[in-house]
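Chains as they are written, first to last, in my numbering: chain A, 230 to 1008; chain B, 15 to 301; chain C, 3 to 165; chain D, 8 to 215.
Remarks on the structure that follows.
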Amino acid sequence: MGARYFGAEVQRLEDPRLLTGRGQYVDDIRLPGMLHAVFVRSPHAHARIRGISLSRARAMPGVVAVFAIDDLGEPLSSARMPEMMPAPIIRRAHTQYVLARDEVCYVGEPVAMVVADSRHRAEDAASAVDVDYEVIPAVVDIRSALGEGAPRAHLGTIDNLAARLEVGFGDIEAAFAKAEHQLEFSLEQHRGIAHSMEGRAVLASPEPTPGRLTVWTATQSPYLVRRQLARVLQKDEQDLRVIAPDVGGGFGPKSVFYPEEPAIAAAALKLGRPVKWAEDRREHFVATVNQRDQYWNLSVAFDGSGRILGIRARVLHDNGAYLPYGVILPVTSLAPFPGAYALPALKATLDVIYTNSTPTAPVRGAGRPNAIFAIERVIDRVADHLGLDPAEVRRRNFIRADQFPYVTGMKARDGSPVAYDSGDYHACLDKALEMADIAGFEKRCEAARARGRLRGIGIGSFIEDTGLGPFEGATVRITPQGTVQVLTGAASQGQGHATTLAQVVADVLAVDITRVTVIGADTDRFPYGAGTIASRIAVTAGSSAHMAAVEVREKILKYASHHFEVAEQDLELSDGHVQVIGVPNLKIPLGDVAFALSGTVGQRMPANLKPGLEATAYFEATATPHSGGTTVAEVEVDPDTGMVELVNHVIVHDCGRIIHPGIVDGQITGGAVHGIGNALFEEMVYDGSGQPVSMTLGEYLMPTAPEMPPIRIGHLETPSPLNPLGVKGAGESGTISAIPAVIRAVEDALKPYRVFVHRYPLNPERVLRWIDAARQGEP
Amino acid sequence: MKSAGFVYHQPSSVDELLGLLAAHEDNRILAGGQSLMPMMNMRFVQPEHLIDANRVDGLNYIREESNWLRIGAMTRQKTLMQSDAVTRHCPLMRVALQHVGHFQTRNRGTIGGSLCHLDPAAELPLISLLYDASLTVRSAAETRTISASEWPLAYMLPAIGPDEALIEIALPVGADWTHQGFFELARRRGDFAIASAAVLLSISDGIIRKAAVALGAVTQTPCRLTDVEALLVGQRADAQTIAAATAQAAKIEAFSDAYYSAQYRQRMAGVAVERALNAALGAPDHG
Amino acid sequence: MDDTRAIHFTLNGKAEECDAPVRFHLGDLLREKFGLTGTHLGCEHGVCGACTVLVDGEAVRSCLMLGVQVDGCEVVTVEGLADPDSRLHPLQQAFAEKHGLQCGYCTPGMLMSLAAFLAENRDPSEDDIRDAISGNICRCTGYQPIVEAALLAAQRMRNASEG
Amino acid sequence: MDLINTFTIPLPPEKAWTLLLDVHRIAPCVPGSELSEVVDERTFRGRTKIKVGPVTLSFDGTARLVDVDDVARTATLVAQGADAKGRGGAQAEAHFALEPLGDGSQVTVRTQLAMSGAVAQYGRASGLMQEIASQIVSQFAANLSAQLASEKQDLSVRRTERAGTASNVGDVEVPGEASPSKPISSLGLLSAALGALFRRWLSGGAVK
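The structure is reproduced here in structure tokens:
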């Protein structure tokens, strides 16, 4: 396979359109007769609905229809949203009605839907919908949510526990019994909101054939949406076409099936006209899943050399009001144990707790940043306790390069044992420290002290399970015009799949990459799809595209061998042709091969090949490639104000073979900045009665350009043995490892005050309070 | 997040503007729109009549007179940043403007809009207070001038009636300030300030003869720290004096919000005054 | 109450007129009345910068201006940034080369902000560029490739004007 | 948000208690409010206008006296109001407890106040909203004690006029209907010169 494009810095095929304003996001689509929908949302964290009066709203100018739950009619008016990812450990899976019936359980829960001839007039009418609420006590803080007197997040339930997860391996009792040292500490983790720049949006349009509906939605999982829509609307799947056009960033939350999707579909079917809803920014704060608080209590047993013998973890997880995505987020908050380390014993329990707030579900990295942060905090705490260099304690605990595949002792989601396929964590750490110029750190500290600033450096090593099964399929087809189509279920939100898949296929078929068009995320164009989450598309769709292209190549060689009556091995593909090696004028354009295989009435199929120059493949990902690496962050702290300035950020990353360096670096840099945001800037504040308080981007602080340090990336390419391309996922490692590195760097800067940083995000007041506490000698 | 409806007016003269204000009690003036439009898009503010002042001639000017620098209320912040007259007479205004939002905001934002909106953390009300600006306000019936110190009545509530429009901001010039300094503490470039301070000093033979100290973002409205000013005058311009001024400034009663406590803001008031003084005296801002 | 007001203005080099609903902000007007959906709405409260367009050559948030306010003005959107013969603006070309975009939703706002900034700042430093886009939020790229693209475009624009 | 206010009524407990339960007296004491309708003995409807900087909120709502315990002399006023333009709402529970104090009585008011919707979702002003809310409650308490104190004069004046006839508190006329006051705004409160908050501003922020 001539590697012309694989690994090359190809200009993305998506860019010409997106750079000239010709992208097509859901809110850009205009259809004749299209109406605009707006949702009336609960202003209360928990309340009974005593009554809803729609008459005033219905009389407003431009209003076509106003729906409360009963106006949607069956089956929606009596069926709750489906339980998405059922799992035996879930004790009670509360899901919401499409529009609230009798009870609202979080600020932002949709209660009514107004459909009008413009968004403006729909909003006017929304404020005329009168809902008679009886406010009832809300569950806000998970630390007291399981207590006796705690209010219930849902009326009529005995407690607020959604599920209790227990994982572990090895002999934990023995580990703690024989340990020279033990430490116990707690952590508070708050990961905020995804805030993709495009919010969610749904446009449903009835087709001319009765009962058939096309739904455009800004989603990461169009096939999951079609499956669930068919279930909720009790329609046959083939009457539903779901398309994810250009999507302006996903980062996790757009992988969930939301009530707005069936609500808009139902409105379009009832009114017989296209209906569109585009989420505005204030809605994204409360109506789109996000991640909030986790409280960790950790104890670690270790020996005098810093070898970790066992870890116990007890976690409380804020699940929010409903379970739109099963317990995937809590599960991924424990699954990454033991991280990059050969940990002999672990016992971890996690309580998934309902609260009266927006449901939580995976945001970039899901629970992986939470687990890795906990593990890295353990390592740093052990190093400080023993007075050892944190890098050295990591080296003593890392899984060695010669131990792969390494069976960790953990169980994957499908119950199979977790095994790391390949990697070299020591090499990543050493290269990261070298790129971060650890040697010159002391000198930089002096210079900073002279300016009245405290300088610190921190390490964050990580692993990430990527390329989750079961599949993401692809069809490769060559048209009689000689162009190549790659059809796939994979949906893209900026990852450049149209380019990476084209690179893979163009290399196999030896065609110019601009001849390859990738069509994804349209349920009419490809039969099955799983979803774009957790850095899985390069592994799954990439491998499927490769396998399908190889099958097409074999078909071409069979045809040409028959046509030229030469052996297949005397033939080659180059420059869009199949030709006899060494005899340049004996060649056939691939389009002609396609034409020959499209069948002529009365003629036999050449070389009794099957019709069509195409093939479909579903690479079955049975085992999970694990990426790994290390981030080193360096900061300066202003001791008078508590402000933290990021001065350097290095990531050395091993995600197997790299299809497109620029795209992988982009995923890592963007991911790192998101992690920096979680560590230092982003906090969703709620008040005591469950009201969200940070509701503008002027108060919810996202990282912006001037505050970011230079980010340098180093690569190691340890191929994965688990797929034909040797690739691993790269989407979320920047985020996962940035948080522990930045938090440790601040902690290192504060070492004169012997502060243990036990929470994120940090803000200047919290940093200053730790400095003051240390100055007054308090523990 | 679409604005509620309103009756739109586009007056072309000050008199026409004032007539509209008098005729419609439930009105808002649209100046640069950088503060009002977000509140209208979010439906916090829903005026019945929106009076667009952007086509009113005679409100966009910077005029130097012997003892006043007169600025029309609709002068864009970008224009102020590029004005030599402002740099000469009020160098701190130029420094402070770099902290006002982002360059896209400053292309449209006006000085009059900022003063009427009166966000506690806004830079231009702070600078106007520092320089003891004189504000000219007109209604259909009368014209009156009001000093910058009497302008803020309460949280985002300037001393201007619904039938009045701010016409001009006049900054006294020719004062013998020899040193000036500005400092703002904010998380990101262009963010709302957590604490900000601006100082003017006139120093001869190492002694501070006159001082003006203004504090922003710490109390419900920008304010002059008259006790800090009194403490500075007559003292040597040295580290002890700065330390005393810092301690005094840190006694201010600050407000709290969902992000920072009153204690933190109070302490940052001290740091802001200290660093503004250091900036004024050319000392490096460390320790 | 949805009264409108007739306006005449230049849009991407072409004379245009329309009855603009007075409460439409400029972003709504461009998207709903002119079908120019290249201008994206990210927050509608003046922070994210995705809706930035040029009015009389200056970068402004189109969500913070009323559509009726561009009467008599010259408006340029991302659709009008490339030359009529669709040769890309140096910024568009540099973004493609330096991978300055991923999902593309913040890109129009980034391009229009930088186009106006580079027109007035021929030789900006990296910090100048980062300050210029401090009012443009991107969740995908981490900003670094955008800064590199802007520096490359600035250099090419300097060479072109000297050449 | 939990607030505690106390005030005294120069009347013995049994008289003061009856005054306190009279809806007609309580309603006008809510600052910035217009009483629109007395529904029944225990319930009244009204509109309260609050001006916070550029935003003027007008809460239409109802207030009801519940759990009235004439023996323990405790009662709860439950109030709920929504802004006419859909910008949010407020829910308040004011628990009254009346005890003897000397030859008069003392009323302790424990108020739980929660705002909801857009008006509560503005973190930069959350500190301010609490200050304005506590101003409203203390103003309510002040108005009520002033109201009851002024009635005591009328009562004693009337008693001297009808010397010898035991006056029955019940027949005390209702004072003039509350005049629809301007929206309570920081300006409104200013004019009432109440609260250290505002005095500090007037003095140009000079630090005491």
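Note that beta-carbon positions come from the ideal geometry of N, C-alpha and C, so glycine has one too.
Classification of residue i by the beta-carbon crowding that lies within 10 angstroms, buried from 16 upward
i, result
"Lys22 (chain D)", "buried"
"His3 (chain D)", "The question about residue 3 (chain D) has no answer here: the residues shown for chain D are numbered 8 through 215."
"Ser764 (chain A)", "buried"
"Arg25 (chain C)", "buried"
"Val73 (chain D)", "exposed"
Any C-beta of chain B under 8 Å from that of residue i
i, result
"Glu994 (chain A)", "yes"
"Arg166 (chain D)", "Residue confidence is low: Arg166 (chain D) scores 45 on pLDDT, short of 50, so the model does not pin down where it sits. No coordinate-derived value is stated."
"Ala52 (chain C)", "no"
"Gly124 (chain D)", "no"
"Arg131 (chain D)", "yes"
Test: residue i CB closer than 8 Å to a CB of chain D
i, result
"Tyr169 (chain B)", "yes"
"Val343 (chain A)", "no"
"Val292 (chain A)", "no"
"His265 (chain A)", "no"
Closer than 8 Å to chain G by CB, residue i
i, result
"Pro38 (chain D)", "Here chain G cannot be found, since the structure's protein chains are A, B, C and D."
First through last residue of the alpha helix (DSSP H) which encompasses residue i
i, result
"Ser773 (chain A)", "Ile766 to Phe793"
"Asn952 (chain A)", "First-last for Asn952 (chain A): undefined, no H or E at that position."
"Phe531 (chain A)", "It is not in any alpha helix (DSSP H) - Phe531 (chain A) instead sits in the beta strand (DSSP E) that spans Asp522 to Phe531."
"Arg642 (chain A)", "Arg642 (chain A) -> no alpha helix (DSSP H), and no H or E assigned at all."
"Ala125 (chain D)", "Per DSSP, Ala125 (chain D) belongs to no alpha helix (DSSP H) and is neither H nor E."
"Asp694 (chain A)", "Taken as a continuous stretch (DSSP letters only), Asp694 (chain A) belongs to no alpha helix (DSSP H), being part of the beta strand (DSSP E) at Leu683 to Asp694."
"Phe119 (chain C)", "Thr109 to Glu122"
Chain A contact for residue i (CB, 8 Å cutoff)
i, result
"Val285 (chain B)", "yes"
"Tyr274 (chain B)", "yes"
"Phe206 (chain B)", "yes"
"Lys56 (chain D)", "no"
"His300 (chain B)", "With a pLDDT of only 48 at His300 (chain B), under 50, the local geometry of the prediction cannot be trusted, and no value is derived from it."
"Leu199 (chain B)", "yes"
"Gln140 (chain D)", "For the record, residue 140 (chain D) in the displayed sequence is Ala; it is not Gln. By this cut-off, Ala140 (chain D) is not an interface position."
"Arg202 (chain B)", "yes"
"His131 (chain B)", "no"
Contact with chain C by residue i, beta-carbon distance below 8 Å
i, result
"Asp66 (chain B)", "yes"
"Gln724 (chain A)", "yes"
"Gly127 (chain B)", "no"
Beta strand (DSSP E) segment containing residue i, residue limits
i, result
"Tyr362 (chain A)", "Asp359 to Val364"
"Leu140 (chain B)", "Careful: Leu140 (chain B) lies outside any beta strand (DSSP E), inside the alpha helix (DSSP H) at Glu137 to Leu144."
"Ile1012 (chain A)", "Nothing about residue 1012 (chain A) can be reported from this structure: the residues present for chain A run from 230 to 1008 only."
"Glu489 (chain A)", "Note, Glu489 (chain A): premise wrong, no beta strand (DSSP E); alpha helix (DSSP H) at Glu489 to Leu500."
Cβ-Cβ separation, residue j to residue i (assumed contact under 8 Å), whole Å
i, j, result
"Arg744 (chain A)", "Thr712 (chain A)", "5 Å"
"Glu18 (chain C)", "Ala8 (chain C)", "No, Glu18 (chain C) and Ala8 (chain C) are not in contact; Cβ-Cβ is about 11 Å, not under 8 Å."
"Asp653 (chain A)", "Pro634 (chain A)", "With 8 Å as the limit, Asp653 (chain A) and Pro634 (chain A) do not qualify as a contact, their Cβ atoms being about 14 Å apart."
"Ser923 (chain A)", "Gly689 (chain A)", "26 Å between Cβ atoms; not a contact."
Checklist entry - Which residues, in chain order, does the region 961–980 of chain A contribute to contact with chain B at a C-beta distance below 9 Å? => result none
Checklist entry - When you check each C-beta in the region 921–947 of chain A against every C-beta of chain D, which residues fall closer than 7 Å? => result Pro921, Val922, Ser923, Met924 and Glu928
Next on the checklist: To be precise: take each residue of the region 112–125 of chain B, compare its Cβ to all Cβ atoms of chain C, and keep it if any distance is under 8 Å. Which residues remain?
Outcome noted: Gly115, His116, Phe117, Gln118, Thr119, Asn121 and Arg122
Next on the checklist: What are the residues in the region 115–135 of chain C lying within 9 Å of chain B by C-beta distance?
Outcome noted: Ser115, Ala118, Phe119, Arg132, Asp133, Ala134 and Ile135
Item to check | Residues from the region 322–353 of chain A in contact with chain B, defined by Cβ distance under 7 Å | outcome: Arg348, His349, Glu352 and Asp353
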